[in-house]
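J.: Taken in order, these protein sequences are the chains called A and B.
Each residue of the first sequence is one higher than the last, beginning at 1 in this note's numbering.
Each residue of the second sequence is one higher than the last, beginning at 1001 in this note's numbering.
Idealized CB from N, CA, C, for every residue including glycine.
There are 2 protein chains.
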Amino acid sequence: MAEYALHCFAQSGNAYKPALMLELSGADWEAKWVDFFNGASRSPEFRESLNEMGEVPVLEHGGKLLTQSGVILDYLAEKLDSFGWRDDDERREILRWILFDNHKLTSYTATLRFLRQFARTGETPVTAFFEARAKSAYGVLDRHLDGRRFVVGDRPTIADLSLCGYLFWPDEIGIDFSPYANIARWLDAIRSLPRWQAPYDLMPGHPLPKKA
Amino acid sequence: MAEYALHCFAQSGNAYKPALMLELSGADWEAKWVDFFNGASRSPEFRESLNEMGEVPVLEHGGKLLTQSGVILDYLAEKLDSFGWRDDDERREILRWILFDNHKLTSYTATLRFLRQFARTGETPVTAFFEARAKSAYGVLDRHLDGRRFVVGDRPTIADLSLCGYLFWPDEIGIDFSPYANIARWLDAIRSLPRWQAPYDLMPGHPLPKKA
Chain A
1 MAEYALHCFA QSGNAYKPAL MLELSGADWE AKWVDFFNGA SRSPEFRESL NEMGEVPVLE
61 HGGKLLTQSG VILDYLAEKL DSFGWRDDDE RREILRWILF DNHKLTSYTA TLRFLRQFAR
121 TGETPVTAFF EARAKSAYGV LDRHLDGRRF VVGDRPTIAD LSLCGYLFWP DEIGIDFSPY
181 ANIARWLDAI RSLPRWQAPY DLMPGHPLPK KA
Chain B
1001 MAEYALHCFA QSGNAYKPAL MLELSGADWE AKWVDFFNGA SRSPEFRESL NEMGEVPVLE
1061 HGGKLLTQSG VILDYLAEKL DSFGWRDDDE RREILRWILF DNHKLTSYTA TLRFLRQFAR
1121 TGETPVTAFF EARAKSAYGV LDRHLDGRRF VVGDRPTIAD LSLCGYLFWP DEIGIDFSPY
1181 ANIARWLDAI RSLPRWQAPY DLMPGHPLPK KA
């Protein structure tokens, strides 16, 4: 058994955040596939034994269960001594971007992609609403990255690993990122990190089985 | 000048989170009103001098500027030595709920209330979408509070102060909280804390001027 076990599935950008961190850090880890599209993460058993919030990722390590990607990244930064902060001010600057990611960037992006790519709702007032909100968040990040290589402290941190979680799927989100040149450059810098892998290569469950 | 200055406005539940913490802790603080409804927090000047994310709250303290309610709560827990954690495991359990709040509970609730109470969109596919998502988040919190007085560690922490940020406005959100008996009891417990005040009493800018 590997030292770290991550409950995840290939289509989850939130699970990709810690999966990418484990892989980039060279950790001894294994993926445990969660059948999200058949409701496994929202089942009473999952809520009881793994996460009352009914969500992946869930990390198992040394008898502990951790949930919420931001908490897992915080934990791994300490355990793996990588992608972390140098002092308390930097810890809070990283947390600031992880919160912005959770509240705005990932929240809007993940829902927009889900509606378009998996729920297949087509274009609706709801997708239009989320697209506008997502673009506003990309604008904030793009302006922040102007003149910066990474989000905090000129080196990759867990803030980058959180914010990039869904952004390697531009086609599935259905957004043209070419107006966000700083984001495009920053994503290339993340792609260039040793051991980087795309979400569908790093976690199990892709492609989805064809519906009968 | 007060020791702490909080840039805020009465209608912001995200600003209420640190405002309530400052007040409950007996801190020497003052509110600086931000004219959100006329776009002040999204202006280039605000983004340049206070918060590139274009949002309140912003806390000024000892020459530092802090943004994101979760970061400000983390900072104040340390500075005021109140509503914080006892060890690193508890710190992460608190962070877990603050992230859930940001990603799900507050995110859906604040948008739903904004559309109904301020944008006055009426009932649309967008409000229906956010209402369903918000109710799912209330279900998670309500189940968690079954048998618990507070969210973490049987005493009020910054997790409670984050999660309650918008919930003293049930009429404005337009949700009946009576199916969530544990949430109702928990909100009463927060209301009973010494020095508690409702958002419209604690921050400036209520009521809004009537439109011409």
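Would A/Ala15 and A/Leu22 be called neighbours here (beta carbons separated by less than 8 Å)?
T.: In the first sequence, the residue the question calls residue 15 of chain A occupies position 15. In the first sequence, the residue the question calls residue 22 of chain A occupies position 22. Going by C-beta atoms, A/Ala15 is not nearer than 8 Å to A/Leu22.
J.: For a contact meaning CB atoms closer than 7 Å, what does B/Asp1074 contact in chain A?
T.: The sequence position of residue 1074 of chain B within the second sequence is 74, counting from 1. Going along chain A in sequence order, the residues near B/Asp1074 (Cβ under 7 Å) are Arg92, Leu95.
J.: Could you please give me the residues that DSSP links to A/Val58 through a beta bridge?
T.: Sequence index remark: in the first sequence, residue 58 of chain A carries index 58 (1-based). For A/Val58, which the question treats as bridged, DSSP gives the partners A/His7, A/Thr67.
J.: Excluding the five sequence neighbours on either side, which residues of its own chain have a C-beta within less than 7 Å of the C-beta of A/Asp160, listed in chain order?
T.: Here residue 160 of chain A is taken as the residue at index 160 of the first sequence, counted from 1. Closer than 7 Å at the Cβ level, and outside the excluded window around A/Asp160, lie Phe150, Val151, Ile190.
J.: Using a Cβ-Cβ cutoff of less than 8 Å, which residues in the same chain neighbour B/Leu1145 once the five nearest sequence positions on both sides are dropped?
T.: Translated into positions along the second sequence, residue 1145 of chain B becomes position 145. Same-chain partners within the cutoff: Val1151, Asn1182, Ile1183, Arg1185, Trp1186.
J.: Answer yes or no: do A/Phe114 and A/Val56 have a C-beta to C-beta separation smaller than 8 Å?
T.: The count along the first sequence starts at 1 and reaches residue 114 of chain A at position 114. The count along the first sequence starts at 1 and reaches residue 56 of chain A at position 56. Contact: no.
J.: Does DSSP put A/Ala198 in a helix, a strand or coil?
T.: By one-based count along the first sequence, residue 198 of chain A stands at place 198. It is coil, neither helix nor strand.
J.: By how many angstroms is the C-alpha of A/Lys104 removed from the C-alpha of B/Glu1093?
T.: In the second sequence, counting from the first residue as 1, residue 1093 of chain B sits at position 93. In the first sequence, counting from the first residue as 1, residue 104 of chain A sits at position 104. Computed Cα separation, rounded: 22 Å.
J.: Out of A/Trp169, A/Pro207, A/Gly26, A/Glu52, which one is the CA nearest neighbour of B/Arg1096?
T.: Counting from one through the second sequence, the residue named residue 1096 of chain B turns up at place 96. Checking every option, the nearest Cα to that of B/Arg1096 belongs to A/Glu52.
J.: Which residues mark the beginning and the end of the alpha helix (DSSP H) in which B/Trp1085 is found?
T.: Stepping through the second sequence from its first residue, residue 1085 of chain B is reached at position 85. No alpha helix (DSSP H) contains B/Trp1085, which DSSP labels as neither H nor E.
J.: Taking the beta strand (DSSP E) that A/Glu131 falls in, what are its first and last residues?
T.: By one-based count along the first sequence, residue 131 of chain A stands at place 131. Not the beta strand (DSSP E): A/Glu131 falls in the alpha helix (DSSP H), residues 125–144.
J.: Output, in chain order, the set of chain A residues within a Cβ distance shorter than 7 Å of B/Gly1013.
T.: Mapped onto the second sequence, residue 1013 of chain B falls at position 13. Within chain A, no residue comes near B/Gly1013; the closest Cβ sits about 12 Å away, beyond 7 Å.
J.: For A/Lys211, which of A/Asn38, A/Asp201, A/Ser82, A/Asp171 has the nearest alpha-carbon?
T.: As a first step, residue 211 of chain A is located in the first sequence; it is residue number 211 there, counting from the start. The shortest C-alpha separation from A/Lys211 is found at A/Asn38.
J.: According to DSSP, simplified to helix, strand and coil, what is A/Trp169?
T.: The residue given as residue 169 of chain A occupies position 169 in the first sequence. Correct three-state label for A/Trp169: coil.
J.: When the Cα of A/Pro179 is compared with those of A/Ala110, A/Leu141, A/Phe129, which residue comes out closest?
T.: What you label residue 179 of chain A is simply residue 179 of the first sequence in a count that begins at 1. Ranking the options by Cα distance to A/Pro179, first place goes to A/Leu141.
J.: Pull the bridge partners of B/Trp1029 from the DSSP assignment, please.
T.: As a first step, residue 1029 of chain B must be located in the second sequence, where it is residue number 29. B/Trp1029 pairs with B/Tyr1004.
J.: Taking the beta carbon of B/Ser1049 as the centre, do at least 16 other beta carbons fall within 10 Å, making it buried, or is it exposed?
T.: Position 49 of the second sequence holds residue 1049 of chain B. Classification for B/Ser1049: exposed.
J.: Kindly give me the distance between the Cβ atoms of A/Leu112 and A/Glu90, rounded to whole angstroms, as I take these residues to be in contact under 8 Å.
T.: The residue you call residue 112 of chain A lines up with position 112 of the first sequence. The residue you call residue 90 of chain A lines up with position 90 of the first sequence. Between A/Glu90 and A/Leu112 the Cβ distance is about 31 Å, and since that is not below 8 Å, they are no contact.
J.: When you compare each of B/Ala1137, B/Gly1205, B/Asp1087, B/Val1034 to B/Phe1100 by their alpha carbons, which one comes out closest?
T.: Here residue 1100 of chain B refers to the residue found at position 100 when the second sequence is read from its first residue. Selected option, being the one with the closest Cα: B/Ala1137.
J.: By the criterion of Cβ-Cβ separation under 7 Å, what are the contact partners of B/Gln1068 in chain A?
T.: Counting from one through the second sequence, the residue named residue 1068 of chain B turns up at place 68. Within 7 Å Cβ-Cβ: Arg96, Leu99, Phe100.
J.: Could you tell me whether the segment 1029–1044 of chain B touches the segment 64–79 of chain A, using the rule of 3 or more Cβ pairs below 8 Å?
T.: No, the segment 1029–1044 of chain B does not touch the segment 64–79 of chain A.
J.: Would you mind telling me which residues of chain B sit closer than 7 Å to A/Arg116, beta carbon to beta carbon, in chain order?
T.: Sequence index remark: in the first sequence, residue 116 of chain A carries index 116 (1-based). The contacting residues do not exist; A/Arg116 stays about 14 Å from chain B at best.
J.: Looking at the secondary structure, which residues open and close the alpha helix (DSSP H) in which B/Ala1019 lies?
T.: Your numbering for residue 1019 of chain B matches position 19 in the second sequence. First-last of the alpha helix (DSSP H) with B/Ala1019: 1013–1024.
J.: Buried or exposed for A/Met203, going by 16 or more other Cβ atoms inside 10 Å?
T.: Taking the first sequence and counting its residues from 1, the one referred to as residue 203 of chain A is at position 203. It is buried - the Cβ of A/Met203 has at least 16 other Cβ atoms within 10 Å.
J.: Check for me: the alpha helix (DSSP H) holding B/Ser1162 runs from which residue to which?
T.: In the second sequence, counting from the first residue as 1, residue 1162 of chain B sits at position 162. Residues 1158–1163.
J.: B/Glu1123 touches chain A at which residues, Cβ-Cβ below 8 Å?
T.: For the purposes of this step, residue 1123 of chain B is taken as the residue at position 123 of the second sequence. What B/Glu1123 touches in chain A: nothing, since even the nearest Cβ is about 12 Å away.
J.: Taking its Cβ as the centre, do 16 or more other Cβ atoms sit within 10 Å of B/Pro1194, making it buried, or is it exposed?
T.: Here residue 1194 of chain B corresponds to residue number 194 of the second sequence, with the count starting at 1. Exposed, by the Cβ-count rule.
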